[in-house]
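Engineer: The following block contains the structure, expressed as structure tokens.
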Amino acid sequence: MIPYTVNIKLAARTLTGTLNLQNKTAVDWGWQGLIAQGCHSSILIIDPKTAQTIQVLERHKANVVKVKWSRENYYHNLSSPYCLRLASGDASGKIIVWDVVSGTAHCEIQEHSKPIQDLEWLWNQDASRDLLLAVHPPNYIVLWNGDTGTKLWKKSYAENILSFSFDPFDPSNMALLTSEGIVFITDFSHSKPPGSAGKKVYIASPHASPAHTKPAPAAAPAPTGAKKALNKVKVLITNEKPTAEAVTLNDCLQLSYLPSKRNHMLLLYPREILILDLELSQTVGVVAIERSGVPFIQVIPCAQRDALYCLHENGCITLRVCRSTTAPEEAADPEQSVQELVYDLRSQCDAIRITKTVRPYRMVICPVNENNAGLMVSDGRVMLWELKAHTGKAAVNPSSGLSPLYSPVSFCGAPLGPNQKRIQDLSLNSMISQTLIAGEAPPPSSNQQEVQLKFLLTGLLSGLPLPPFAIRMCPPLTTKNINHYQPLLAVGTSNGSVLVYNLTSGLLHKELSVHSCEVRGIEWVSLTSFLSFATSAPNNMCLVRNELQHVDLPTGRCFAFRGERGNDEPPIEMIKVSHLKQYLVVVFRDKPLELWDIRTGTLLREMAKNFPTVTALEWSPSHNLKSLKKKQMAAREAMARQTVSDAEQSSVESSVISLLQDAESKSETSQAISAREHFVFTDTDGQVYHITVEGNTVKDGARIPPDGSMGSIACIAWKGDTLVLGDVDGNLNFWDLKARLSRGIPTHRGWVKKIRFAPGKGNQKLLVMYTDGAEVWDTKEVQMVSSMRIGRNVNYRILDIDWCTSDKVVLASDDGCIRVLEMAMKSASYRMDEQDLTDPVWCPYLLVPRAALTLKAFIVLQPWSGTFTMDITQVDYNEKDEIKGLIQEQLNSLSNDMKSVLQDPEFSLLQRCLLVSRLFGDESDLHFWTVASHYLQSFAQARQLSAEGHAQSEGTQPSPQNHLDICNDVLCESSYFQKFQLDRVHLQEVKRSSYEHTKKCADQLLLLGQTDRAVQLLLETSADNPSYYCDSLKACLVTTITSSGPSQSTIKLVATNMIANGKLAEGVQLLCLIDKAADACRYLQTYGEWNRAAWLAKVRLNPAESSDVLKRWAEHLCSPQVNQKSKAILVLLSLGCFYKVGEMLHSMRHFDRAALFIEACLKYGVMEANDSSNKLIEAAFLDYARLLRSLGLREGAALWASRAGSPGEQLMEELFQGEGGVPEAILGEEEVELGQESTE
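First residue of the sequence shown: 1, per the numbering used here; consecutive thereafter.
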């Protein structure tokens, strides 16, 4: 086997460069772990972990303005596999949905011909994952089926829509950012367009306020500018259209819902970020930039923690984390403690150097872990930053007022074992623990470590510089150089540097700074060295400085080939190297040509003044090297024969000859054999001259008179017996030198700029470049093979061309890209699985669907042996070796940290499921296992405590040491949820600024049971307010409510009448006053206010009643018209209905999830294997065994089958048919496993 093989087959690919301004918003980081980025009309797919471009999608004709990965929040199996699906919209209004691995389009959608403003996949219902919502300018939103391309509905609005944002907690709410303000839609549904025109709110521009002159409130206790500024900022959102002078222009850059807490929204302005509470439509937090600070471009809110990633105009990314609202002891002024939400700057990365052409465009954050950021720069660079946590106290002055950040005590949803391995930087919520809220005890500092956050640059991708380019492929592959050949492409750029790319991988091999001005042309003189020339701008006498440099690639040595020559002379037009790389012709504009010997670097001849002006020139491929070598060999052999005596001759002859041949091949270049070579050139009249060069003699040969049908000759190409001439009028003239025939063909394409023959023996294909495109001709048949023309099938101009192999061409174009294409010159994406990547990429989505599921099953559970292995060949897995190899490649590409955690025996099943769902970027898995592992542990803990004899009431929650993050909203523990809601109302109360706000606050306080505070607010109503009387009476009512029977029944009667007559909110309030919140929830549910009912149940009811309400909600979510079973399962998990969850998972055919969940329940003792539950357990295990069998993991299948009772035995027999029954080992292990189960 050859140790170093060469991949001769080069993949078609695109090397991309600077971005277009329209590409600014076209970037997205998907759950799949890849970044998609628009570059002109192509889309790059980047792997952020290894910083490689792994695919370029080409099909759009216009610039790409939006890209969006599809979401992964569905259960994955063979029928809905892990696949890379991407939607992209361009400036001509076309949307394409891609299958990224194969590089093909699923479907193409066109509605209008204006740029797409925004795109989003719908993620909120279980029915279909193919729905795509798009904003078509000026004012339409259209819902498409992204699989078939059919339009489901279309709706127009009164104003121009700039972008939209979905409420992550309630899919029927969305907000549109329009040119005038915000439109809130509350009835969004995929089945029909929104009925109403939405509720419009206008934003008064915050620049009327002195917000950015505000001093830090911590530093100055006096209520100076800060309080005034806050009062100004309060009235930002109004329902009336503001007066013209109040809004000079709506410079709101972005609007987004906060995914970390419900009903909060963020508005971004260049100098501040406003946090709004949507229940009050009131600003509750401002992040302002001081006068000298750098303005914002973009902000991305996190889901796992209440934190914001902000991008500034100097390319700096900052991370701001919400400050805890627990009142510090030293704050004497209680009102000062909670003024607003404060986001503290916790970390920032380095800025970049901004110039005219270099500025930051967009950043993206990894949605799975939220601790990686990618920054897109306009010059095509992608900078990949990683957030790292370092333990240790900060060396900051205590007066800065920053409370320390702590690292969480758990990893992957479970408390850390004493010697358990962990990856601290796995994700944002494993780096810093939750923001504390008021009324919560801070954690004991003993087991928590303080952490500092830092950004590290972990990857950098750079694109090509700005065009124009001069490109040249290195000499072609031959049988002689096959062992050390590298397909290198040299690219000369406008700033004088030469980039050398390796086309096998598409990566930059070397960047050499060779010239001081634009590179005009490059010619290779060997596989590892080239000549390049550049000319400076002409002076007033039209003279320039010519630079001709010789560059040696391995060493990077570079010297001026023409020595001191080159100042103040006419510009070089072209350089041509002979076929044996012996001689070089340098052609000037108004000066006779020069002939150089490349091997010695000497000038052989400078032509006389009366030498004709050269318009085109080409070296002949014929030479006399072979005959020279034969002569030389004969002479040497003769010498050898003379020196060796006749007796020894026979034995020595063969070895001597081989030695000689060896020496010969080595000294081929160093030996001064000067072979004879010829070149032809044409003058301005079209006459063809023929000149012979041998050693240092130059002979003038025959002259051929001009062809009358041709104009001025622009270029010549010669290969074998075919000579082709191209002229400025677009005529091609084919000469057959053997048959002495010529044939002229008009192409009607204008000036022929360049012609080049393809490499390879007998390959007579010809590549022709025109001003408006290119063509490939077959010179044997004299006919065109393929053609491309600007405006017809491409939208870019071609700047330079070359062949890179015998069947692929390489084109440089003015959109800053260099494309390697098939001979047909159709821009095509390539198949990702056929690619040669330098670094292996972890992305299970690249595997075939079955292999991806096998990989997942393999990592999650390996119960057949005590040790975990990362080598798939060690298990009984019958599959094609090719697929096995691909799976093994994926396993090998995992980081060492990840492998050591996965192989750690302490690592529990729940933690594994969580970690694997993160690795796969599987959104639905991640949500399910996060909630499941939390409540399994908390209910197991509660059981244990009650078993130990603590008299605990049913359903109490364990200590709030570890509660679910608030981003899970109604799934959190009631106690924590209540605290959070009280904290929020307190903040709203501080912030209220109008009667409307006060009224809403009072209502909330009444529902939360805070009657005293509510009465105070009601009594604040001023006497001239129309509802003054009403509010005063209400205050009296609230204070005098007694629990006497008659008053209660009266109030209940009034409440029911109110509800019956359409005053639902008021009726519910009265019921809450008399502690009939359970009835209130029932009424809310009857009238379809399911979310409100769940909220009320969490804050007011005891566990048993609240659990009834939530169970009814879960039933409603399962109903066919709502079809949100996955959400219903999460609700049931939070109630501890584990058996029901197991049943539902099994009935939904989520077999692996069901089996692993039931296994975890049994392990934690929250489900017992008895007669009633055995049926479900056996069915689930049996189906999982069948699933594993279909994936080819036989040992795993046997294991689960052996635990599935009698039907399992039947499957075991099928599994081991013809292998003499079941292996002993498996049965033996089984009993041990199950024995352990029962003792737990």
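Backbone N, C-alpha and C define an ideal beta-carbon position, used for all residues, glycine too.
Throw me the rounded Cβ distance for the Ser-827 and Ala-758 pair, which I believe falls under 8 Å.
Structural biologist: Not quite, the Cβ-Cβ distance comes to about 20 Å (not below 8 Å), so this is no contact.
Engineer: Looking at C-alpha atoms only, which residue of Leu-1073, Val-1122 and Leu-122 is the closest neighbour of Leu-1245?
Structural biologist: Nothing about residue 1245 can be reported from this structure: the residues present for the chain run from 1 to 1240 only.
Engineer: Nearest to Ala-1104 by CA position, among Ala-1077, Val-519, Leu-57 and Asn-263, is which residue?
Structural biologist: Among Ala-1077, Val-519, Leu-57 and Asn-263, the Cα nearest to that of Ala-1104 belongs to Ala-1077.
Engineer: Where do the ends of the beta strand (DSSP E) carrying Tyr-770 lie?
Structural biologist: 765-770
Engineer: Strictly by DSSP, which residues pair up with Thr-391?
Structural biologist: The partner list for Thr-391 (beta bridge, DSSP) reads Val-451.
Engineer: Look at the alpha carbon of Asp-800 and the alpha carbon of Tyr-770, and state the distance between them as a whole number of angstroms.
Structural biologist: Taken atom to atom, the span from the alpha-carbon of Asp-800 to that of Tyr-770 is near 10 Å.
Engineer: If you draw a straight line from the alpha carbon of Ile-745 to that of Thr-682, how long is it in whole angstroms?
Structural biologist: 19 Å
Engineer: What residues in its chain sit with their C-beta under 7 Å from that of Lys-581, if we drop five residues either side in the sequence?
Structural biologist: Val-525, Ser-526 and Ile-598
Engineer: Could you please give the first and the last residue of the uninterrupted beta strand (DSSP E) stretch that includes Phe-588?
Structural biologist: 583-588
Engineer: Going straight from the alpha carbon of Val-587 to that of Ser-578, what length do you get?
Structural biologist: 14 Å
Engineer: From what residue to what residue does the alpha helix (DSSP H) around Ser-1047 run?
Structural biologist: 1045-1060
Engineer: Going by Cα to Cα distance, which pick from Leu-119, Thr-1050 and Met-825 is closest to Asn-793?
Structural biologist: Met-825
Engineer: Curious, which full-length alpha helix (DSSP H) runs of at least 4 residues does the stretch 51-107 contain?
Structural biologist: none
Engineer: On a Cα-Cα basis, can you pick out the residue from Lys-151, Thr-1086 and Cys-804 that is closest to Pro-193?
Structural biologist: Lys-151
Engineer: If you measure between the beta carbons of Cys-715 and Leu-489, is that distance less than 8 Å?
Structural biologist: no
Engineer: Below 7 Å, is the gap between the Cβ of Ile-43 and the nearest heavy atom of the ligand ADP?
Structural biologist: The ligand ADP is not among the ligands present in this structure, which contains no ligands whatsoever.
Engineer: Can you give the Cα-Cα distance for Asp-876 and Arg-1194, rounded to whole angstroms?
Structural biologist: 6 Å
Engineer: Is the Cβ-Cβ distance between Gln-549 and Val-514 less than 8 Å?
Structural biologist: A contact, by the Cβ cut-off of 8 Å.
Engineer: According to the Cβ coordinates, are Phe-533 and Ile-471 closer than 8 Å?
Structural biologist: no
Engineer: Can you give the beta carbon distance from Asn-795 to Ser-41, rounded, assuming they're within the 8 Å contact cut?
Structural biologist: About 6 Å separates the two Cβ atoms, so the contact holds.
Engineer: Indicate the three-state DSSP secondary structure (helix, strand or coil) for Thr-697 in the structure shown.
Structural biologist: strand
Engineer: Please work out which residues of its chain come closer than 6 Å, Cβ to Cβ, to Lys-9, disregarding the five sequence neighbours upstream and downstream, and give them in chain order.
Structural biologist: none
Engineer: Under three-state DSSP, which class holds Ala-218?
Structural biologist: Confidence at Ala-218 is low in this model, with a pLDDT of 32, below 50, so its placement is unreliable and no value can be given for it.
Engineer: Using 8 Å as the threshold, is the C-beta distance between Leu-584 and Leu-531 below it?
Structural biologist: yes
Engineer: Does Leu-1193 come out as helix, strand or coil in the three-state DSSP assignment?
Structural biologist: strand
Engineer: Need the endpoints of the beta strand (DSSP E) that Ile-182 sits in, please.
Structural biologist: 181-185 is the span of the beta strand (DSSP E), which, as asked, contains Ile-182.
Engineer: Bridge partners of Glu-120, per DSSP?
Structural biologist: Leu-133
Engineer: Going by C-alpha distance, which of Thr-458, Asn-1091, Ile-691 and Asn-160 is nearest Trp-1113?
Structural biologist: Asn-1091
Engineer: Starting from the Cα of Cys-39, find the closest Cα among Asn-139, Arg-291, Gly-463 and Gln-282 and give me that residue.
Structural biologist: Looking only at Asn-139, Arg-291, Gly-463 and Gln-282, the smallest Cα-Cα distance to Cys-39 is reached by Gly-463.
Engineer: Grab me the residues of Ser-179's own chain with a C-beta within less than 6 Å of its C-beta, minus the 5 sequence neighbours each way, in chain order.
Structural biologist: Cβ within range, chain order: Glu-159 and Asn-160.
Engineer: Please list, in chain order, all residues of the same chain as Gln-1004 whose beta carbon is under 6 Å from its beta carbon, the five residues on each side excluded.
Structural biologist: Val-985
Engineer: Exposed or buried, which one is Gly-762 when buried takes at least 16 other CB atoms within 10 Å?
Structural biologist: Burial check for Gly-762: the Cβ neighbour count within 10 Å stays below 16, so the residue is exposed.
Engineer: Would you be able to state if there are at least three C-beta pairs under 8 Å between the stretch 870-889 and the stretch 45-55?
Structural biologist: no
Engineer: Report the residue ranges of all beta strand (DSSP E) runs contained in full by the stretch 697-743; include only those spanning at least 3 residues, in chain order.
Structural biologist: 697-704, 713-719, 722-727 and 731-736
Engineer: What are the start and end residues of the alpha helix (DSSP H) that includes Met-431?
Structural biologist: 428-431
Engineer: Report the residue from Val-1109, Thr-615, Arg-557 and Gly-566 whose alpha carbon sits nearest the alpha carbon of Lys-576.
Structural biologist: Thr-615
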